[in-house]
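The working numbering runs 113 ahead of the 1-based position in the sequence shown. Positions of the beta carbon are idealized from the N, C-alpha and C atoms, including for glycine. It should be emphasised that the depicted structure is a prediction, and the values quoted were computed from it without experimental measurement. All remarks here apply to the structure that follows.
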Amino acid sequence: MGQLIKLQDYISRYEIDMFRYPGQFIRQKRKQWEQTTVEKQHFLDHIFDFQMKWASSTIREKSYIDKEFYKDHNLKYFLQRFPDTYLVLYRPIFKLKNAPVEVEIIMISPTTTWLITILEGVENSVFIGSNDRFWIERKGKHDKKVLSPMIELDRMDGIVRTIYSLYDIVLPIRKVILNRTGYIDFPLAPFDVDLVEKRKYEEWFTGLRNTSSPLKHMQLKAGNALLQYCHTVCVRRME
Numbered sequence: 114m115g116q117l118i119k120l121q122d123y124i125s126r127y128e129i130d131m132f133r134y135p136g137q138f139i140r141q142k143r144k145q146w147e148q149t150t151v152e153k154q155h156f157l158d159h160i161f162d163f164q165m166k167w168a169s170s171t172i173r174e175k176s177y178i179d180k181e182f183y184k185d186h187n188l189k190y191f192l193q194r195f196p197d198t199y200l201v202l203y204r205p206i207f208k209l210k211n212a213p214v215e216v217e218i219i220m221i222s223p224t225t226t227w228l229i230t231i232l233e234g235v236e237n238s239v240f241i242g243s244n245d246r247f248w249i250e251r252k253g254k255h256d257k258k259v260l261s262p263m264i265e266l267d268r269m270d271g272i273v274r275t276i277y278s279l280y281d282i283v284l285p286i287r288k289v290i291l292n293r294t295g296y297i298d299f300p301l302a303p304f305d306v307d308l309v310e311k312r313k314y315e316e317w318f319t320g321l322r323n324t325s326s327p328l329k330h331m332q333l334k335a336g337n338a339l340l341q342y343c344h345t346v347c348v349r350r351m352e
């Protein structure tokens, strides 16, 4: 299960000690797995609730989570289908130049920082990409104009690279346009952008799931650096 180190602007335990909690989560999950008597999925749902608690509270403070996040299929996808050594920031809000900026998904593996935007529409539709501000989603004879996902990816890329440079983080960055239900036609895609659509999804997903590398110091350093620039809204717990 991926570790949810930041959910939107909620207080996270990982903000308190980024170098302690990832290892503690893995040990806690392993211990609960050894003691569990329920099937796989019930265990995953139990750990999901545990993750949401860690992503919205500390010993002294807490944030109030929008209940919609508990039903967010994409959030569960990133937390329940990737290894424990993946650190996830889900729709984090960065505070840059006094202006809050919400982005989509940042996933830090032991070896790579993945910047992910989800571009999914009608089942089996084709998104036709270009360098313009808008793309076209095509299904049969029906065309629909959508905002280019490159705008979001470039914004995330700029934020992450700026923060990494301030903290001397050396970790490769890959940008992903994710479409699990359809196709992407973008012949002029930049070399550092992965078009993960229906034909390539299983290969990409399997490659990430099969990563066996343990948590690395540079990875934790990267997560810690990003958290320093995330906006947080919380209240003190009642004594």
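Residue i versus residue j - alpha carbon distance
i	j	result
T319	D185	22 Å
R312	S243	20 Å
E233	M351	42 Å
P213	H344	7 Å
Q148	Q154	15 Å
W167	E315	30 Å
As assigned by DSSP and simplified to three states, the class of residue i
i	result
L279	helix
H344	coil
P196	coil
E217	coil
Q121	coil
S338	One point to set straight first is that residue 338 is Ala, not Ser, in the sequence displayed. Correct three-state label for A338: helix.
I172	coil
Y177	coil
Contact under 9 Å by Cβ, residue i with residue j
i	j	result
K288	V306	yes
I139	L284	no
E310	R293	yes
S261	K252	no
I218	Y203	yes
Cβ-based neighbour list, residue i, same chain, cut-off 7 Å, excluding 5 preceding and 5 following
i	result
D270	L228, I286, K288
Residues that residue i bridges to, as DSSP identifies them
i	result
Q141	Note: Q141 sits in no beta bridge, so no partner.
I229	I218, V289
A302	According to DSSP, which records beta bridges pairwise, A302 is partnered with nothing at all.
Residues near residue i in its chain [Cβ-Cβ closer than 6 Å; skip 5 each side]
i	result
W317	V309
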